[in-house]
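The structure under discussion appears below in the form of structure tokens.
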Amino acid sequence: MGWLNFSACMLFAGIITTNIVADRRREPTDGFRMFGLFRKVVAISSSSNDTSFKCLRATLTSYNLEEKKATYVWHLKARGEKPARNITFDIEGGDIPDQATYFVNNDRTRPHTAYYNYTDYENCMVMIVPYNDHDHCLLWVKRSVVHNVPQNCLDNYEETCEVRIPQYEHDLCGDDE
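Under mature numbering (1 follows the signal peptide of the UniProt record, and there is no 0), the residues of the sequence shown are numbered -22 to -1, 1 to 155, in order.
Dropping the structure here:
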């Protein structure tokens, strides 16, 4: 009888735990509200082992919340024989708040869709951005928290992205603009 009571308690505890964990619903990320709050960001981690993403930074160069249009420029550092370069992402919002269409380097013939999985609207953004034939799952943070990324940002990145490759290393990237 003791085992039966113990088993019933364990089953009950499992059901409660499952419901608590499964009930982590949240509002969809408002991509365009998010953009206005993240003008200069650093990629802390990516799902790609592409070395050109080491020390990746981005700057918001234009932003219009009413029209749901924004432009980010990704700044890639020089690597070996590859020179430093900038990549422009022209972003247009639609009816789904956590998705947007974007065009790379003004190529309007190739639209892409980005997915904004998480933001705390303060320190970090987690998103999936197709680029160069790979769906990059990225953790972006404000420069002010690059050395002390909040746990909620790391947790949500890990929840979203199965592959996580660090992209920011202080010794390699420094604190340059």
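Glycine included, C-beta positions come from ideal geometry on N, C-alpha and C.
- Distance from the Cα of Phe13 is smallest, within the candidate group Ser26, Gln77, Gln129, for Gln77.
- Three or more Cβ pairs drawn from the region 104 to 121 and the region 131 to 148 lie within less than 8 Å of each other, which places the two stretches in contact.
- Between the region 125 to 136 and the region 31 to 44 there are fewer than three C-beta pairs closer than 8 Å, too few to call the two in contact.
- By the Cβ criterion, the region 21 to 30 is not in contact with the region 75 to 93, since fewer than three pairs of Cβ atoms, one from each stretch, lie closer than 8 Å.
- Beta-bridge analysis with DSSP links Gln77 to Tyr93.
- Taking each of Asn83, Arg35, Glu59, Gly71 in turn and checking the Cα distance to Lys120, the smallest one comes out for Arg35.
- Shown here for Asp113: same chain residues with a beta carbon closer than 8 Å to its own, the five before and five after excluded, namely Ser25, Ile106, Val107 in chain order.
- Boundaries of the beta strand (DSSP E) around Leu116: 112 to 120.
- Under the three-state reduction of DSSP output, Ser25 falls in the coil class, being neither helix nor strand.
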